[in-house]
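Q:
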Amino acid sequence: MKLNIKTVVLTLIAVITSASVMAGGGLAAASTAATTFQTWLYSFLGICSGIYMLYVGAMAKAGKKSWGEFAMGIVHVAVVGGGLAAATFAWSIFA
0 MKLNIKTVVL TLIAVITSAS VMAGGGLAAA STAATTFQTW LYSFLGICSG IYMLYVGAMA
60 KAGKKSWGEF AMGIVHVAVV GGGLAAATFA WSIFA
């Protein structure tokens, strides 16, 4: 019986990676990491949105921007937040 080099290499890769995947915790660890990242991302974007709103509000108060631009800043933050919520909803449909 003659061994094909591709078969040997693929078998070795499967053996090596399966051990590391099982040691890493598998799907449960990946789901926990994804949830942790999602929480961090939402927190980070919430802080950035707050800083942006404070900046636009301060500029409007100082007369450098109009209050209409402040209102558009609120719309921008709402659209970005809505996009994140829509992406989370779409992901939950198939998850």
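Residue numbers (numbering that gives the first Met the number 0): 0 to 94. A virtual CB, placed ideally from N, CA and C, is assigned to each residue, including glycine.
Round the Cβ separation of LYS64 and VAL55 to the nearest angstrom and send it over; I've been treating them as touching at under 8 angstroms.
A: As a first step, residue 64 is located in the sequence shown; it is residue number 65 there, counting from the start. As a first step, residue 55 is located in the sequence shown; it is residue number 56 there, counting from the start. With 8 angstroms as the limit, LYS64 and VAL55 qualify as a contact, their Cβ atoms being about 6 angstroms apart.
Q: Would you call the region 2-16 and the region 30-42 in contact, with 3 or more CB pairs under 8 angstroms?
A: These segments do not touch.
Q: Put ALA59 into one of helix, strand or coil per three-state DSSP.
A: In the sequence shown, residue 59 corresponds to position 60, counting from 1. Helix.
Q: Drop a sphere of 10 angstroms on the beta-carbon of GLY72, count the other beta-carbons inside from all chains shown, and report buried for 16 or more, exposed for fewer.
A: Along the sequence shown, read from residue 1 onward, the residue named residue 72 stands at position 73. So GLY72 ends up on the buried side.
Q: For TRP66 versus ALA77, is the C-beta distance shorter than 9 angstroms?
A: Position 67 of the sequence shown, counting from 1, holds the residue named residue 66. Position 78 of the sequence shown, counting from 1, holds the residue named residue 77. Contact flag unset, no.
Q: By the DSSP assignment, the alpha helix (DSSP H) with SER91 in it spans what residues?
A: Reading the sequence shown from its first residue, position 92 is the one you call residue 91. Looking at the DSSP string, the run of the alpha helix (DSSP H) that includes SER91 is 66-93.
Q: Could you check the C-alpha separation between PHE93 and VAL79 for me, to the nearest Å?
A: The count along the sequence shown starts at 1 and reaches residue 93 at position 94. The count along the sequence shown starts at 1 and reaches residue 79 at position 80. Rounded to whole angstroms, PHE93 to VAL79 spans 22 angstroms at the Cα level.
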